[in-house]
Structure formats: C-alpha cells, structure tokens
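Protein chains in written order, with the working numbering: chain Y, 1 to 227; chain L, 228 to 492.
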Amino acid sequence: MSEANSKIQIKGLRDGLLVTLDDAPWEEQRAALFAQVDSQLEFFRGARLALDVTSQVLHVNEMVELRDQLSDRGIFLWAVVSESPTTEKTAQLLGLATRISKPRPEETRQYAVEDLGEETALFLNRTLRSGTRIEFSGHVVVLGDVNPGAEIVAEGNVIIWGRLRGMVHAGSKGNRDAVICALDLSPTQLRIADEVSATLKPQSDPKPEIASINHDGRLHAEPWTIS
Amino acid sequence: MPAEVLTVTSGKGGVGKTTTVANLAVALASLGSKVVCIDGDIGLRNLDVILGLENRIVYDIVDVIEGRCRLKQAMIRDKKIPELFLIPAAQTRDKNAVSASDMNRLVKDLRSECDYILIDSPAGIERGFKNAIAPADRVIVVTNPEVSAVRDADRVIGILEAEEKGPGSLILNRLNPVMVRNHDMLSADDVLDLLAVELIGIVPEDEGVLIGANRGAPVAADGKSKAGQAFRNIARRIKGETVPFLDLDSGGSLWQRLQKLTGRK
Numbered sequence: 001m002s003e004a005n006s007k008i009q010i011k012g013l014r015d016g017l018l019v020t021l022d023d024a025p026w027e028e029q030r031a032a033l034f035a036q037v038d039s040q041l042e043f044f045r046g047a048r049l050a051l052d053v054t055s056q057v058l059h060v061n062e063m064v065e066l067r068d069q070l071s072d073r074g075i076f077l078w079a080v081v082s083e084s085p086t087t088e089k090t091a092q093l094l095g096l097a098t099r100i101s102k103p104r105p106e107e108t109r110q111y112a113v114e115d116l117g118e119e120t121a122l123f124l125n126r127t128l129r130s131g132t133r134i135e136f137s138g139h140v141v142v143l144g145d146v147n148p149g150a151e152i153v154a155e156g157n158v159i160i161w162g163r164l165r166g167m168v169h170a171g172s173k174g175n176r177d178a179v180i181c182a183l184d185l186s187p188t189q190l191r192i193a194d195e196v197s198a199t200l201k202p203q204s205d206p207k208p209e210i211a212s213i214n215h216d217g218r219l220h221a222e223p224w225t226i227s
Numbered sequence: 228m229p230a231e232v233l234t235v236t237s238g239k240g241g242v243g244k245t246t247t248v249a250n251l252a253v254a255l256a257s258l259g260s261k262v263v264c265i266d267g268d269i270g271l272r273n274l275d276v277i278l279g280l281e282n283r284i285v286y287d288i289v290d291v292i293e294g295r296c297r298l299k300q301a302m303i304r305d306k307k308i309p310e311l312f313l314i315p316a317a318q319t320r321d322k323n324a325v326s327a328s329d330m331n332r333l334v335k336d337l338r339s340e341c342d343y344i345l346i347d348s349p350a351g352i353e354r355g356f357k358n359a360i361a362p363a364d365r366v367i368v369v370t371n372p373e374v375s376a377v378r379d380a381d382r383v384i385g386i387l388e389a390e391e392k393g394p395g396s397l398i399l400n401r402l403n404p405v406m407v408r409n410h411d412m413l414s415a416d417d418v419l420d421l422l423a424v425e426l427i428g429i430v431p432e433d434e435g436v437l438i439g440a441n442r443g444a445p446v447a448a449d450g451k452s453k454a455g456q457a458f459r460n461i462a463r464r465i466k467g468e469t470v471p472f473l474d475l476d477s478g479g480s481l482w483q484r485l486q487k488l489t490g491r492k
C-alpha cells in the first residue's frame, strides 16, 4: 500500500483539494486513492475535491462510480482535469468542471479580505435570490434586490440599492455603529451587532430608510432624508 | 427540426408541476406537434395517472437507461391524441437509478423523433431535480400565489441561473381572482415583482383541473374550461405565438364589476 500511496499527490487549493494521479492502470489508481481517503477520512470528509487524472481515459460509468463512492464518504467531486479529450468530455457530460482555475458558482460565498483594511466593500451588481448567503469582512453594497430567504452577513455596513426583503446582519463582529440602508427597507429580519429586530413591517409606500442602533441601544429605522 | 426540451419544475411540491406537464402536453399535441413527456419523478410516478395511461405501462425510463428495452418500446401512445407519447417513471426504483448524463443521452436520442420533449421534474432541489434540468433547453417554473411556493420558486430560479439554464419562464398556477381582489392572495404583480422573470401563463383556480386529473383526462382538452383555455394559451406561447393573457377578473358580482368599470377599485 505504501507504494500505491506514493502514486498520489494531494495539494491544498484555495477552495478545496487537488488530487493528482499518474498513468498506472485505472483500477490501481482508484484503489490507491480510496486507500488514502479511507486512512484519513476525517481529513477528507466534506472536502471539495478536484481530480487530475493526467492521461487516464475514463468513461461515464467509471466516473459516475467514482463520484458516487466519493460522495458516500462525504467528499464532493467538482472537477476532473485530464489531458485525455475523452475523459474531459465525460467530465463535461456529468456536469463536472474540467478546469480548476474557474471554480463553479456556489450559493454560499465567503469573501476574505486580509490586507485591504476596514474601508473595503464588496459590490454585488445583481439580485440575491432565496438561498443565497453572502459573508464578508467589510461593507457590502448591492445594486439589486435582496429577496426573502437571502442572507447577508457583513462586518461593516450594508447598503441595498433596491428592495431589502431578506435578512441582513451588519456589524457581525460586534460593531454597534454599523448601519443598514435600503431603498425599501422591508426585511424579514435585521441584525446589527447583537441586536435583532423582526418588527419592521413592510411599507405600503416604500421610502429609503436607514437602520441603526439608537441611544437607547435599540435597533430602529428612520427615513433617509437629504439635508 | 430537432425537438425543444422543456423541463417543468417548482421547488415546492404540490403546486401543479405534473398537472401542468400533462395539460401542456395535451395542448401542444392538439395543436399538431409531436410531444413526448418524460416523468422524471423516479419512484413516485404519477404523470401516467393524470394522462390516464397507467394501465398501459410495460417498460419505464429505467428500463431504457439500463438497456432492458428499446426507447420506442417505452413510449406509450395516448388513447385519444396520436401525437402524444409518455415515457413513464419507474415506480420500484429511486432517483439514484438515473444520472444527469443518462437523461442527456435519452433526450439526445429522442430529439429527432418529435417536436417537444416535456420533462416533469420531482419536487425539491436534489438529484432528481438536477437530472430533470440537465437536458433542458428551457425551464418552466410553476408556482402558486402562496408565499412559501414563491420563496421556493425564487430559490430554484437562483439555481437555474447558477447552472446557466437561464432564469426560466413562469407559470402562476391556481390563482383565485376573487381572493386577489379581496387582498387575501398574492396577485400576479406581487409574484412577478419578486421573481422578476418572464411570465408565460396564469392558470385560474378551477376544480375541473382536479377532476380531469383524477379521471385521467387533462382539462386542456375541455373547450369550455377556463383553466383549459389558459393551458392552451401557454402552449401557443411556447410555440412562439403572441397570445393576450386571459381576463380573469371578469367574474365577481355586478356591483364589483361596476366598481371596476368606474375605476373605484
């Protein structure tokens, strides 16, 4: 088995693991891969896995079997990279990515900012639909609506140039000075730092509003006026 | 010309996906198109029941995929409309018996055989749903004017966009004009306001739809039914015609109609 393991290289990627196999017969490669995975199941569980099979020729049944066996172990196979056009076509047929530089879109996005300081904002030029969750360590600006069932969690302020009907948490790391504004502030729930407000009712005649924590320490919203 | 593949989905269960597939299939076939419906709800099949073809099933979709029969053998021809075919789901297997590539392959073989392929998606957003949308050229999202159904439709549209299947077209099913007028139900405008997709049909609430489904005779074949008319209009829109939307608000009491005429409501 130690020889088998040496055929496999595992590398961490920005958003998962890259496993590279070599040209040995497929059955051997597969056995080696699962020996490796099963010996470190805790490490692999929940991982997003990209597989570089070099020049292996894989057909649909083999790839489906592999994907299902990985998925049984809680591993999500999202990409198969190959020099073989047949394998590449198989991967495309199964809806797997064939290039790992371009990750597939995900519903939950976590954007990391390390060196850009606190004045960083994430700009989203689209409507966030139900099931979308955005987490960001700076401010978030949305040019579009935030629909019911969508969530934004930001360490800074959140500005919605559109209708806010989902959930927004501003100042998520405890910044009580954070604000949330929207052209139509009708959220299912608002949070700033550790204050929660679910009592904001939908407006019949929507006007831009800004929500913040007032002097009494309560979350409240007031109309946005130009003055 | 190769067939156009339409997948009907919703996210939430019970909003009328299968009924919509059955009625659109009947309506399209009545307009002279050759239509094949595929029941994508493996393990919980019921498109065959609604089309009244249950007792004629010999082979199903899993038999085709696993090579136990030829494609033609699993295509059941409708009793009344010779242009309408059904490929039923398997009742005794589960959704893992079919993969997205199986669906793609099946549909590829069918494309040259007909004008429209209608796929009935299972509820939910898991594997069966992914299988059903994989071969789609166009996805039709069915929803009811209920907050929870609209929420699920929104989620499904988000997934369709992520899967690059376009935002889809919307059918608003079981709208009750009287309840809308009394502000007890979301209106079409409320729903569109949130979902922001193309609307291709509004089907009014009509007990005839349920009766037809129970009898295995979809209401789209009934010339008098308003819901049937709505489904026939959707079929014509699918074929590229411009058809005005039904005036669902013609009902109501004389007083309400007078109010409407005088613009007081």
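For every residue, glycine included, the Cβ atom is placed at its ideal position computed from N, Cα and C.
{"Item": "Residue-level contact to chain Y via CB, L:R382, 8 Å cutoff", "Value": "yes"}
{"Item": "Beta-carbon proximity check, Y:G162 vs Y:L190, cutoff 8 Å", "Value": "no"}
{"Item": "Proximal residues of chain L, C-beta to C-beta of Y:V60 below 7 Å", "Value": "S328"}
{"Item": "From L:Q318, L:N441, L:A324 and L:N409, residue whose alpha carbon lies closest to that of L:G294", "Value": "L:A324"}
{"Item": "Partners in chain Y for L:N331, counting only beta-carbon separations shorter than 8 Å", "Value": "L93"}
{"Item": "Closest residue to L:D321 among L:G355, L:V248 and L:L298 (Cα-Cα distance)", "Value": "L:G355"}
{"Item": "Closest by C-alpha distance to Y:V60, when choosing among Y:E42, Y:E88, Y:A50 and Y:T120", "Value": "Y:E88"}
{"Item": "Supposed contact pair L:D347 and L:C296 - C-beta distance, whole angstroms, cut 8 Å", "Value": "Not quite, the Cβ-Cβ distance comes to about 20 Å (not below 8 Å), so this is no contact."}
{"Item": "CB of Y:I75 within 8 Å of CB of Y:A47, strictly", "Value": "yes"}
{"Item": "Same chain, Cβ closer than 6 Å to L:V446, five either side skipped, listed in chain order", "Value": "G435, V436, G439, S452, A454 and G455"}
{"Item": "Counted within 10 angstroms of its Cβ, other Cβ atoms place Y:I226 as buried (16 or more) or exposed", "Value": "exposed"}
{"Item": "Closer than 8 Å to chain Y by CB, L:A363", "Value": "no"}
{"Item": "L:A376 burial status per 10 Å Cβ neighbour count (16 or more: buried)", "Value": "buried"}
{"Item": "contact_flag[the segment 230 to 242 of chain L, the segment 365 to 383 of chain L] where n(CB pairs < 8 Å) is 3 or more", "Value": "yes"}
{"Item": "Y:Q56 versus Y:T86, Y:E222 and Y:V142, residue with shortest Cα-Cα distance", "Value": "Y:T86"}
{"Item": "Within-8 Å CB hit, Y:N214 to chain L", "Value": "no"}
{"Item": "Contact under 8 Å by Cβ, Y:T180 with Y:A211", "Value": "The sequence shown places Ile at residue 180 of chain Y, not Thr. A contact, by the Cβ cut-off of 8 Å."}
{"Item": "Integer Cβ distance of L:D381 from Y:N147, believed to fall under 8 Å", "Value": "5 Å"}
{"Item": "Burial state of L:T539 (16 or more Cβ within 10 Å)", "Value": "The structure shown has nothing for residue 539 of chain L, since chain L only spans 228 to 492."}
{"Item": "Residues from the segment 397 to 424 of chain L in contact with chain Y, defined by Cβ distance under 7 Å", "Value": "L421 and A423"}
{"Item": "Positions along the segment 121 to 134 of chain Y whose CB lies within less than 7 Å of some CB in chain L", "Value": "T127, R129, S130, G131 and T132"}
{"Item": "Beta-carbon separation (whole angstroms), Y:L96 vs Y:A79, contact threshold 8 Å", "Value": "6 Å"}
{"Item": "Bridge-paired residues (DSSP) for L:G428", "Value": "L:I398"}
{"Item": "Classification of L:P471 by the beta-carbon crowding that lies within 10 angstroms, buried from 16 upward", "Value": "exposed"}
{"Item": "CB contact below 8 Å: Y:G171 versus chain L", "Value": "no"}
{"Item": "The beta strand (DSSP E) enclosing Y:E289, as first and last residue numbers", "Value": "Examination of residue 289 of chain Y is not possible in this model, given that chain Y is present from 1 through 227 alone."}
{"Item": "Other residues of its chain near L:D275: CB distance less than 7 Å, five sequence neighbours each side excluded", "Value": "D266, E281, I284, L313 and P315"}
{"Item": "When Y:Q69, Y:D194 and Y:S204 are compared against Y:A31, the one with the closest alpha-carbon", "Value": "Y:Q69"}
{"Item": "Where L:R283 meets chain Y, residues with beta-carbon distance less than 7 Å", "Value": "Within 7 Å Cβ-Cβ: nothing; L:R283 doesn't reach chain Y, min ~31 Å."}
{"Item": "Option nearest L:A350 by Cα separation, candidates L:I360, L:N409, L:V405 and L:K392", "Value": "L:I360"}
{"Item": "Environment of L:D342 [buried if 16+ CB atoms lie within 10 Å]", "Value": "buried"}
{"Item": "is_contact[Y:G16, chain L] using C-beta, thresh 8 Å", "Value": "no"}
{"Item": "Proximity of L:E310 and L:V262 at Cβ, strictly below 8 Å", "Value": "yes"}
{"Item": "Y:Q92, buried or exposed, once every other Cβ within 10 Å from all chains shown has been counted against 16", "Value": "exposed"}
{"Item": "Whether L:I398 touches L:I461 by CB criterion (8 Å)", "Value": "yes"}
{"Item": "Distance between Y:H220 and L:L333 (C-alpha atoms, nearest Å)", "Value": "57 Å"}
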